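Residue numbers (my numbering): 4 to 428. For glycine and all other residues, C-beta sits at the position ideal for the given N, C-alpha and C. Computed from a predicted structure; not experimentally measured. Quick notes on the structure that follows.
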Amino acid sequence: MSNIVIIGAQWGDEGKGKIVDLLSPEIAAIVRFQGGNNAGHTVKVKGQQYILHLIPSGILHEGKLCLIGNGVVADPVVLCQEMEALATQGVPISPDRFKISYKAHMIMPYHKVLDQAREASKKDGKIGTTGRGIGPCYEDKAARIGIRAADLVDTALLREKIGKALQEKNALLQYLYGSAPLDADAVLAEILPAAQKLAPYLADVSSALQDCVAKGGNIMFEGAQGIHLDIDHGTYPFVTSSNTVAGNAAAGSGVAPSALDRVVGIVKAYTTRVGAGPFPTEQLNEAGEYLQQKGFEFGATTGRKRRCGWLDMVVLRESSRLCGITDIALTKLDVLSGLETLHICTAYEYKGQRIQYPPQLENGMAHVTPVYETMPGWNESIENITTWDALPENAKRYIARIEELAHAPVSIVSVGPGREQTILR
Ligand code: GDP
Ligand code: IMO
Ligand code: MG
Numbered sequence: 004m005s006n007i008v009i010i011g012a013q014w015g016d017e018g019k020g021k022i023v024d025l026l027s028p029e030i031a032a033i034v035r036f037q038g039g040n041n042a043g044h045t046v047k048v049k050g051q052q053y054i055l056h057l058i059p060s061g062i063l064h065e066g067k068l069c070l071i072g073n074g075v076v077a078d079p080v081v082l083c084q085e086m087e088a089l090a091t092q093g094v095p096i097s098p099d100r101f102k103i104s105y106k107a108h109m110i111m112p113y114h115k116v117l118d119q120a121r122e123a124s125k126k127d128g129k130i131g132t133t134g135r136g137i138g139p140c141y142e143d144k145a146a147r148i149g150i151r152a153a154d155l156v157d158t159a160l161l162r163e164k165i166g167k168a169l170q171e172k173n174a175l176l177q178y179l180y181g182s183a184p185l186d187a188d189a190v191l192a193e194i195l196p197a198a199q200k201l202a203p204y205l206a207d208v209s210s211a212l213q214d215c216v217a218k219g220g221n222i223m224f225e226g227a228q229g230i231h232l233d234i235d236h237g238t239y240p241f242v243t244s245s246n247t248v249a250g251n252a253a254a255g256s257g258v259a260p261s262a263l264d265r266v267v268g269i270v271k272a273y274t275t276r277v278g279a280g281p282f283p284t285e286q287l288n289e290a291g292e293y294l295q296q297k298g299f300e301f302g303a304t305t306g307r308k309r310r311c312g313w314l315d316m317v318v319l320r321e322s323s324r325l326c327g328i329t330d331i332a333l334t335k336l337d338v339l340s341g342l343e344t345l346h347i348c349t350a351y352e353y354k355g356q357r358i359q360y361p362p363q364l365e366n367g368m369a370h371v372t373p374v375y376e377t378m379p380g381w382n383e384s385i386e387n388i389t390t391w392d393a394l395p396e397n398a399k400r401y402i403a404r405i406e407e408l409a410h411a412p413v414s415i416v417s418v419g420p421g422r423e424q425t426i427l428r
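What follows is the structure in structure tokens.
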């Protein structure tokens, strides 16, 4: 085994949670390295569903160390709620198996208010954020006025930093967005119970990972969102506010880049996107409806309907180039059962040329025309199949074509949300 980076190769919700859970038995520590509680990672075990927003999806396996790295932005109140919800579901969380980096930035109530006020004020060009305060929190990190997990244990410092941050935020809220200013003491009171609860969980995550490797353990880096939501490489400005690419697993958790051995790209057998932004293979028709309904495509964090369309190999090619995908885990193949013809986008037409990678100009993706090839589908339901040989021939052909176009092997095929609904090759 080796250290593995898990990334979503599309626009998020590829099924990262399921695959992280599946691979966890071979792993000693699972660490989130970017994003925050905009993520919603679903794991289904023995009929029970768990939705993780901040806690790594390895938490259902006893004895695995689960970590929140420095690159994450975490809402302390949401994190406490998530810990309580897991405990209610029979997964108690304790400081010996869950740790938060001292350096992780904390989402404050004013980040959420600003995120929502900014979106509401836009007439057009709304990003369709999750409204969880992700962007404003990363802005404060870059502006060097952020609040880090380490600050939670120093109430006087916390109060001072909140006060300073609010000078600027309240000006924006009152004069630009026409909403009520926030009071520093009220903000402090809102987060103090969570701050106190989280104090025993604070740790040097970089050292914890180093110790784990020294003992011969392997690390799994759990990506959130998807490569095309990356702040630099995604469909800017319709992106999230962190780097989702595999390279950020090192910076966002405090390990050397040489520690990243394998990169597993999680690929949904078709494409979905939540929120606004270009989506070349989107199907605003019966096929799209079919995928949305059969795939039960609703956002795990906001409950919004996910937009649906055909598999886009241009998107995948770019993710592979940016992340060095060594293996593909193909998910939701079962959803394609019953479709007579499958379409795969292999290239784009753009300004009279055929291109293999997304255009570089801002919003260029909004002006491409997908070039499709078609393949025959299959009718059989495949959700109970657990061996490669038992798959319908046309499903095998579809996978083989993906491998050919992506230049990477499909090592895992997922045919349902359950742990056991998986084919390992
Ligand atoms: P993540 O954000 O990448 O972890 O993905 P989400 O959990 O947001 O969305 C994936 C959804 O698909 C979840 O509801 C999973 O339970 C479900 N899922 C995962 N793999 C499969 C699969 O192979 N087939 C089906 N039908 N559902 C799946
Ligand atoms: P997981 O980890 C799908 C999208 C939002 C919006 C854009 C910016 O479950 O795959 P933000 O709140 O991050 O500022 O919103 O990014 N988005 C996701 N879409 N899955 C996610 O996470 C997402 N996290 C953010 O819908 O379009
Ligand atoms: Mg999700």
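Using only the heavy atoms of the ligand MG, determine whether one of them is closer than 6 Å to the beta carbon of A332.
no
Within this structure, are the beta carbons of H44 and V76 separated by less than 7 Å?
no
Measure the CB-CB distance between T274 and G312 and report whether it falls below 7 Å.
yes
N-terminal and C-terminal residue of the alpha helix (DSSP H) that M316 is part of
M316 to C326
Which residues mark the beginning and the end of the alpha helix (DSSP H) in which I402 is found?
E396 to A409
Quick one: what's got a C-beta closer than 7 Å to G229's C-beta in the same chain, skipping five residues either side?
G11, A12, Q13, W14, G15, E17 and T247
Chain-ordered residues, beta carbon under 5 Å from a heavy atom of the ligand MG
D16, G43 and A303
Whole runs of the alpha helix (DSSP H) within the segment 342-367, excluding any shorter than 4 residues
none
Just the C-alpha distance for P196 and R400, rounded to the nearest angstrom, thanks.
55 Å
Give the DSSP bridge partners of K49, in chain order.
None, per the DSSP bridge assignment.
Under 7 Å between the Cβ atoms of V8 and V266?
yes
Cβ-heavy atom distance between S27 and the ligand GDP below 6 Å?
no
Check whether V413 and I331 have beta carbons under 7 Å apart
yes
Flag this pair as yes or no: are the beta carbons of P139 and D118 separated by less than 7 Å?
yes
For the structure I just gave you, are there three or more beta carbon pairs, one from the segment 220-237 and one from the segment 20-39, closer than 8 Å?
yes
Residues of its chain near L319, where Cβ-Cβ distance is below 7 Å and the 5 sequence neighbours each way are ignored:
A12, V270 and A409
Whole-Å CB distance - S256 paired with G20, under 8 Å assumed
Their Cβ separation, rounded to whole angstroms, is 18 Å, which puts S256 and G20 out of contact at 8 Å.
How should T158 be labelled, buried or exposed, when 16 other C-beta atoms within 10 angstroms of its C-beta is the threshold for buried?
exposed
D233 by DSSP, collapsed to three states: which one?
coil
To which residues does DSSP link I71 through a beta bridge?
R35 and I103
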